[in-house]
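Structure first, commentary second.
Residue numbers (this note's numbering): 13 to 62.
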């Protein structure tokens, strides 16, 4: 299962002040989190057991 992220109008000016390199890294990380959320949840469940 993957998620979608929608940016509000309030976020756009904040993104605009970032360098293009930082924008790309941030968007790449958000995309990764959307696509891999089940792994993150599984890792958190495992640490709760320990």
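Beta carbons are placed, not taken as given, at the ideal position from N, Cα and C, and that holds for glycine.
For residue i, name the three-state secondary structure that DSSP assigns.
{"i": "residue 17", "result": "coil"}
{"i": "residue 31", "result": "coil"}
{"i": "residue 22", "result": "coil"}
To the nearest angstrom, how far is it from the Cα of residue i to the Cα of residue j?
{"i": "residue 17", "j": "residue 23", "result": "12 Å"}
{"i": "residue 19", "j": "residue 48", "result": "19 Å"}
{"i": "residue 29", "j": "residue 51", "result": "32 Å"}
{"i": "residue 26", "j": "residue 34", "result": "12 Å"}
{"i": "residue 31", "j": "residue 40", "result": "14 Å"}
{"i": "residue 38", "j": "residue 21", "result": "17 Å"}
Skipping 5 residues on each side, what residues in its chain have a beta carbon closer than 6 Å to that of residue i?
{"i": "residue 14", "result": "46 and 47"}
Excluding five sequence neighbours on each side, which residues of the same chain lie with their C-beta closer than 8 Å to the C-beta of residue i?
{"i": "residue 42", "result": "17"}
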